[in-house]
Amino acid sequence: MEVRTPMKCVWEQMICRGLITRDLDEKPKGVGTYCEFHANEGHNIQECAEFRTMVQNLMDNKKIKFYEEIKGFEEREVCASEEGPAKRV
1 MEVRTPMKCV
11 WEQMICRGLI
21 TRDLDEKPKG
31 VGTYCEFHAN
41 EGHNIQECAE
51 FRTMVQNLMD
61 NKKIKFYEEI
71 KGFEEREVCA
81 SEEGPAKRV
């Protein structure tokens, strides 16, 4: 499945939901491209192969799910099964 959500949004949602933790270091000032996953400059999280691989592994292991946007529908949860609402990332 192709993830259309920007990786920065995925990163932020994963932090909010406690799936990953981030270093307390903030992005250095004056840095162009910066990867939040590596907390380093040189590339951004959208192009980070290691972060994309981690997201794919979480999807494969059913730890996270992505849902298609339905035009005009703005809810943040989708009932997917009897397990209750599935959180949207």
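full-length UniProt numbering applies: residue 1 is where the sequence shown begins, and numbers increase by one.
Think of the CB as a built atom: it goes at the ideal place given N, C-alpha and C, for glycine as much as any other residue.
Since the model is a prediction, treat every value here as computed from it, not as a measurement.
Buried or exposed: where does residue i fall if 16 or more other Cβ atoms within 10 Å of its Cβ makes it buried?
i: Val-31; result: exposed
i: Cys-9; result: exposed
For the alpha helix (DSSP H) containing residue i, name the first residue and the last one.
i: Lys-8; result: 7 to 16
i: Ala-39; result: Per DSSP, Ala-39 belongs to no alpha helix (DSSP H) and is neither H nor E.
i: Leu-19; result: Unbroken run through Leu-19: none, as it is neither H nor E.
i: Phe-51; result: 49 to 60
Could you name the residues that DSSP lists as bridge partners for residue i?
i: Tyr-34; result: Glu-41
Going by CA-CA distance only, name the one from the options that's closest to residue i.
i: Trp-11; options: Ile-20, Val-3, Arg-4; result: Ile-20
i: Pro-6; options: Ile-15, Gly-42, Gln-46, Phe-37; result: Gln-46
i: Ala-39; options: Leu-58, Glu-26, Lys-62; result: Glu-26
i: Cys-48; options: Cys-35, Gln-13, Arg-17; result: Cys-35
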